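Colleague:
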Amino acid sequence: MSDNIIQIQDGCITSSRGFQAGATYAGINKHPPHNMDLALLYSEAPCNACALFTTNRVKAAPVLISRDRLPSSCIQALIVNSGVANACTGEKGMADARFMADLAAARLNLKPECALPMSTGVIGKPLPVDLIAWHLPLISLSNEGGAAFARAIMTTDTRPKEIAVKVKSGGGDYTISGAAKGAGMIAPNMATTLCFITTDAAIELEALETALRKAGNKSFNMITVDGDTSTNDTLLVMANGLARNQVIKTGSRAMRVFQEALDHVCIFLARSVVSDGEGATRLITANVAGARSKKEARIVAKAIASSNLVKTAIHGADPNWGRIVSAAGSSGAAFEESRLSLTIGGIKIWQEGKVLDFELSSLRSKLQQEEIVINLNLNLGKGTATAWGCDMSEEYVTINSEYTT
13 MSDNIIQIQD
23 GCITSSRGFQ
33 AGATYAGINK
43 HPPHNMDLAL
53 LYSEAPCNAC
63 ALFTTNRVKA
73 APVLISRDRL
83 PSSCIQALIV
93 NSGVANACTG
103 EKGMADARFM
113 ADLAAARLNL
123 KPECALPMST
133 GVIGKPLPVD
143 LIAWHLPLIS
153 LSNEGGAAFA
163 RAIMTTDTRP
173 KEIAVKVKSG
183 GGDYTISGAA
193 KGAGMIAPNM
203 ATTLCFITTD
213 AAIELEALET
223 ALRKAGNKSF
233 NMITVDGDTS
243 TNDTLLVMAN
253 GLARNQVIKT
263 GSRAMRVFQE
273 ALDHVCIFLA
283 RSVVSDGEGA
293 TRLITANVAG
303 ARSKKEARIV
313 AKAIASSNLV
323 KTAIHGADPN
333 WGRIVSAAGS
343 SGAAFEESRL
353 SLTIGGIKIW
363 QEGKVLDFEL
373 SSLRSKLQQE
383 EIVINLNLNL
393 GKGTATAWGC
403 DMSEEYVTIN
413 SEYTT
């Protein structure tokens with residue numbers, strides 16, 4: 013991270029100028045981690061806004077409503093509930109999602125199209141809009157409400173995920189902030205879980221869309237917990253321009269700085285999601301270099317991070333490094349076994365197709381650390397990529413075998 017980007021201590025989604033948030037308990041989520049399940053985010057000024065959504069063919073009603081309203085230059089509000097996904101709920105679900113957004117718009121004296129609905133939770137259950145209508149007026153919005161917002165959107169998460177950075181730019185300083193939730197059903201191809209980014213930067217909508225797409229590809233599109241893609245996955249960014257910086261345009265130096273800062277925020281949140289994966293005890297970072305192309309490097313990195321055999325071996329600190337090579341080999345990317353180099357936790361394991369001398373006990377010790385870094389070099393080209401995953405434990409099975417009970 014360059015010196016132009018400074019992480020804000022205790023930063024949250026309302027660290028960006030002009031954003032307020034709040035949350036309450038509405039009784040939607042029967043077991044909310046922090047006794048909150050309904051959240052509201054508001055911008056004092058209209059925002060340029062865009063999003064990446066799930067590629068699952070089964071899309072939740074709030075995803076369909078929000079997709080129809082974006083990209084936009086008038087978004088000012090976001091209402092989110094946890095506990096019920098409002099997915100597989102038919103026309104009633106669509107009407108409920110619209111009603112939910114309309115409630116937020118009415119509360120804030122906005123036009124209906126200026127508010128977005130989001131939901132997360134159990135699929136197939138009807139959204140209790142009566143509870144939302146009753147409890148929404150109880151939410152108190154403030155500049156300090158970001159922490160409550162991040163906690164209200166949680167489901168099986170064990171901790172909130174939030175960040176804010178201050179960006180120093182010749183055209184004027186600004187802030188980028190974010191909050192995310194997610195611990196399971198994470199293996200995206202467009203976005204993942206729920207992640208909301210706010211910024212007070214003035215940036216053209218087209219430039220914002222480009223930046224979000226690039227940041228998403230480097231971060232949320234490169235994480236996996238269990239190989240499943242949710243019906244509700246959303247990565248949203250809202251920019252209200254209240255920093256009064258010189259407007260950021262595509263191709264400018266200011267755009268490059270903004271891209272770096274957005275990448276940092278998204279990668280931080282994506283790593284936070286994976287490290288808090290359901291039942292996870294270790295973060296897996298899979299770095300691939302020397303591929304024929306970036307595309308093939310991404311394929312190999314994600315194959316390693318998503319392999320159940322790799323994940324379970326790491327959970328047990330089992331130095332079964334062959335599973336990593338096997339996962340790479342089954343990815344479909346082209347490489348030659350005789351050119352591979354593999355390093356795990358700084359220990360060289362395999363060099364040009366040959367096993368090196370190393371201490372199994374040392375490797376086992378490395379596999380007990382909180383983050384396991386795997387470096388695989390294909391030695392074919394210049395393509396590089398990084399993917400993140402987590403180990404798979406008995407607790408993951410327990411959580412998902414009892415999720416609705």
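Letter by letter, the sequence shown follows residues 13 to 417 in my numbering. C-beta: ideal position from N, C-alpha, C; glycine also. Note that the structure is predicted; figures quoted are calculated from it, not measured.
Taking buried to mean at least 16 other C-beta atoms within 10 Å of its own C-beta, is S85 buried or exposed?
Modeller: It counts as exposed.
Colleague: Answer yes if the segment 351-369 comes into contact with the segment 327-338, meaning at least three C-beta pairs across the two stretches below 8 Å, and no otherwise.
Modeller: Touching, yes, given that three or more Cβ pairs across the two stretches are closer than 8 Å.
Colleague: Considering only C-alpha positions, which residue in the set G190, L115, D403 is nearest to T297?
Modeller: Considering only alpha carbons, the answer is D403.
Colleague: Does the Cβ of V269 have 16 or more other Cβ atoms within 10 Å, making it buried, or fewer, making it exposed?
Modeller: The residue is buried, with at least 16 neighbouring Cβ atoms inside 10 Å.
Colleague: Tell me the DSSP bridge mates of Q32?
Modeller: Beta-bridge pairing links Q32 to Y54.
Colleague: Residues in the same chain with beta-carbon distance under 6 Å from A159, minus the five sequence neighbours each way, listed in chain order, please.
Modeller: Excluding sequence neighbours, A159 sits near C24.
Colleague: So who's on the other strand from V92, going by DSSP bridges?
Modeller: Answer is A51, M130, bridged to V92.
Colleague: For G395, report the span of its beta strand (DSSP E) as first-last.
Modeller: Its beta strand (DSSP E) spans residues 395-402.
Colleague: Can you tell me the Cα-Cα spacing of V134 and G182, whole angstroms?
Modeller: If you take the alpha carbons of V134 and G182, they lie about 46 Å apart.
Colleague: Once you ignore the five residues that flank A309 on each side, which residues in its own chain have a CB closer than 6 Å to its CB?
Modeller: Here the set comprises V300, A303, G395, T396, A397.
Colleague: Quick one: grab the DSSP three-state call for L388.
Modeller: It is a strand residue.
Colleague: Using the C-alpha atoms, what's the distance from W400 back to T204?
Modeller: Confidence at T204 is low in this model, with a pLDDT of 42, below 50, so the placement of that residue should be treated as unreliable; the coordinate-derived value is given next. Going from the Cα of T204 to the Cα of W400 covers about 13 Å.
Colleague: In chain order, what residues of the same chain have a beta carbon less than 7 Å from the beta carbon of A325, not counting five sequence neighbours either side?
Modeller: The residues are N332, R335.
Colleague: So what does DSSP say about C100, is it helix, strand or coil?
Modeller: Looking at C100 - three-state DSSP - the assignment turns out to be coil, as it is neither helix nor strand.
Colleague: Quick check on the DSSP output: the beta strand (DSSP E) that includes N206 runs from which residue to which?
Modeller: The question names Asn, yet the displayed sequence has Leu at residue 206. 206-211 is the span of the beta strand (DSSP E), which, as asked, contains L206.
Colleague: Evaluate T211 with the Cβ neighbour count: other Cβ atoms within 10 Å of its Cβ, from every protein chain shown; 16 or more gives buried, anything less gives exposed.
Modeller: Buried is the call here.
Colleague: Would you mind working out which of P45, A213, V249 sits nearest L64, comparing C-alpha positions?
Modeller: Closest option to L64, Cα to Cα, is V249.
Colleague: Quick one: what's L247 bridged to in DSSP?
Modeller: DSSP lists L64, C207 as partners of L247.
Colleague: Just to check my reading of the structure: I260 and A219 have Cβ atoms closer than 8 Å, yes? What is that Cβ distance to the nearest angstrom?
Modeller: Their Cβ separation, rounded to whole angstroms, is 6 Å, which keeps I260 and A219 in contact under 8 Å.
Colleague: Taking A273 as the reference, give the member of A97, I87, G228 with the closest Cα.
Modeller: Among A97, I87, G228, the Cα nearest to that of A273 belongs to G228.
Colleague: Starting from the N-terminal side, write out each stretch of the beta strand (DSSP E) that is 3 residues or longer and does not extend beyond the segment 245-280.
Modeller: If we require 3 residues or more, the beta strand (DSSP E) runs fully inside the segment 245-280 come out as 246-251.
Colleague: DSSP on G105, reduced to helix/strand/coil?
Modeller: Looking at G105 - three-state DSSP - the assignment turns out to be helix.
Colleague: In three-state DSSP terms, what is E383?
Modeller: Reduced to three states, the DSSP call for E383 is strand.
Colleague: In chain order, what residues of the same chain have a beta carbon less than 6 Å from the beta carbon of S353, not counting five sequence neighbours either side?
Modeller: Excluding residues within five positions, the ones whose Cβ falls inside 6 Å are Q363, N389.
Colleague: Residues in the same chain with beta-carbon distance under 7 Å from I18, minus the five sequence neighbours each way, listed in chain order, please.
Modeller: Within the same chain, I18 has close Cβ partners V177, K178.
Colleague: Closer than 8 Å, CB to CB, is Q88 near chain E or not?
Modeller: You won't find chain E in this structure, because it holds only one protein chain.
Colleague: Quick check on S84: does DSSP put it in helix, strand or coil?
Modeller: DSSP places S84 in strand when its eight states are reduced to three.
Colleague: Can you check whether the CB of Q21 is closer than 8 Å to the CB of S55?
Modeller: Going by C-beta atoms, S55 is not nearer than 8 Å to Q21.
Colleague: Would you tell me roughly how many angstroms separate the C-alpha atoms of R81 and L128, rounded to the nearest one?
Modeller: Looking at the two C-alpha atoms, the distance is approximately 8 Å.
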